[in-house]
Amino acid sequence: MRKHFFIALLSLCFLSGCDEGLAPDPIDTQTPGLGGTLTVTSPWPPADSVRDLRIVAFRNYPPVDILTEVLGGTALFSEQLAFGTTPQSWRIVLDGLKGRFAYIVAAQQFGANLFQDWRVVGVYTASGDVNTPTPVDLGSGRFVGDIEIKVDFTNLPPQPF
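Residue 3 is where the sequence shown starts when you use the working numbering, and the numbers rise one by one after that.
Encoded structure:
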């Protein structure tokens, strides 16, 4: 299952090109989606162990078949987040996006194996208990932009994969 997750993540990384260089997109709250802040509360690990860092939103918790969710568009990924920057904003927007996302996480690629070296490093939870993810409902297509995910690299949340 982990292998399928990472294959799908790699595919999405290659498919999500950058047409404006490193310039961030302006904040768009008219297009349906998710957004918020990633805050790292611990020291960052060495840069070579954070090869990629993204927000991933899953419709199902725990994710049952990650490959099917990614290929079916029910698992969505943010652009790559910056190493060493905290707090930082993130967003996932898509025309026509609606419905409920049960599990929103920060995921880190920690090693060279793009298909297997990933782990969850932060979970969106309103209660503060990483064992109890908070779902987000976009209804019929709204933007929810107050999702804060905290990352403690020295105390990782449970791994669902």
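Glycine residues also receive a C-beta, built at the ideal position from the N, C-alpha and C atoms.
In the same chain as Gly143, and ignoring 5 residues on each side of it, the C-beta atoms closer than 8 Å to its own belong to Pro34, Gly98, Leu99, Lys100, in chain order. Taken in chain order, the complete beta strand (DSSP E) segments of 3 residues or longer contained in the segment 46-134 are 54-60, 77-79, 90-95, 105-111, 120-125.
Rounded to the nearest whole angstrom, the C-alpha separation of Leu116 and Arg56 is 13 Å.
Within the model, the alpha-carbon separation for Leu158 versus Gly141 is close to 31 Å. Under DSSP, Thr156 forms no beta bridge with any residue. In this structure, Ser44 lies near Asp154, with their beta-carbon atoms less than 9 Å apart. Shown here for Asn62: same chain residues with a beta carbon closer than 8 Å to its own, the five before and five after excluded, namely Glu71, Thr76, Ala104, Tyr105 in chain order.
The C-alpha of Arg93 is placed about 25 Å away from the C-alpha of Gln118.
Assignment of beta-bridge partners to Thr39 by DSSP yields Ser91, Glu150.
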